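Numbering (this note's numbering), first residue to last: 1 to 186.
Given below as C-alpha cells:
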C-alpha cells in the first residue's frame, strides 16, 4: 500500500465514522486469528492520549490496521515515542505517519495557561508541556491561542518526524470533537 492509499483509507474511514455509518472492519474472530502471528498496520498514527480521540474509532479501522502511538499533546519529543514510531515505520513498513491533534487538547491548554499565566506546572506535567510551549502564541485570547497552538504543534511534529524518517510521508491533521471530522493541515 502506498502512503496516498493509506491516507485515502484513513479519510474514508473518518467519513464513515462522522456520518454515523461505521463499518467497524476487521474486528471479528478471523481478524484476531490473522493478526495473532504478525501485525500488518498500514499507517502509524501519533495521537493524543485524550479519551475522546481514539484513532481506531475516529478512522473506523479494526484490529491491526493502525500502529497507534498516543501521548498527551501528540508530541514526539522523547526516545520512547520516537522509538515506537520508528518501529512502525522501519519494522512494520508503514508508508504513512499521521500526526493527529484535536480541538480543546488538555495538554496544549496547559501550555497556553502556563504561557498566559506565567505559572508553568512542575513535575511530569511540566515536562509534558515543555515541547509545546514554543508554539503557544504570546496573545491573551485563550480560545484563539489554544486552537492556533494545537495546529502549530501538529505542524512542528510533522516537520520533526519528516526529518527523523526521510522517505516516509508524514502528514498532520486536526480532529473536531463535535463533528468528528478530521481535516488535513497544509
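Cβ coordinates follow ideal geometry from the N, Cα and C atoms, glycine included. For clarity, every value in this text was computed on a predicted model and none was experimentally measured.
Judged by beta-carbon spacing, residue 135 lies within the 8 Å limit of residue 156, meaning their Cβ atoms are closer than that value. Under DSSP, the beta-bridge partners assigned to residue 45 are 68 and 98.
As DSSP reads the structure, residue 27 sits in no beta bridge.
DSSP places residue 173 in no alpha helix (DSSP H) but in the uninterrupted beta strand (DSSP E) bounded by 169 to 175. For the pair residue 128 and residue 154, the CB atoms are not nearer than the 8 Å cut-off. Residue 172 and residue 101 have their C-alpha atoms some 8 Å from each other.
Here residue 168 is buried, its C-beta having at least 16 other C-beta atoms within 10 Å. The straight-line gap separating the alpha-carbon atoms of residue 4 and residue 76 is approximately 23 Å. Between the alpha carbons of residue 161 and residue 27 lies a gap of roughly 30 Å.
For residue 128, the uninterrupted alpha helix (DSSP H) run begins and ends at 123 to 129, by DSSP.
When the beta-carbon positions are compared, residue 87 and residue 65 stay at least 8 Å from each other. Taking the C-beta atoms as reference points, residue 82 is found no nearer than 8 Å to residue 108. Assignment of residue 145 by DSSP, reduced to helix, strand and coil, places it in the helix class. Residue 95 and residue 39 have their alpha carbons spaced roughly 15 Å apart.
Put simply, the backbone Cα of residue 54 is about 21 Å away from that of residue 92. Taking each of 163, 121 and 97 in turn and checking the Cα distance to residue 2, the smallest one comes out for 97. Residue 182 sits in a strand when the DSSP states are folded into three classes.
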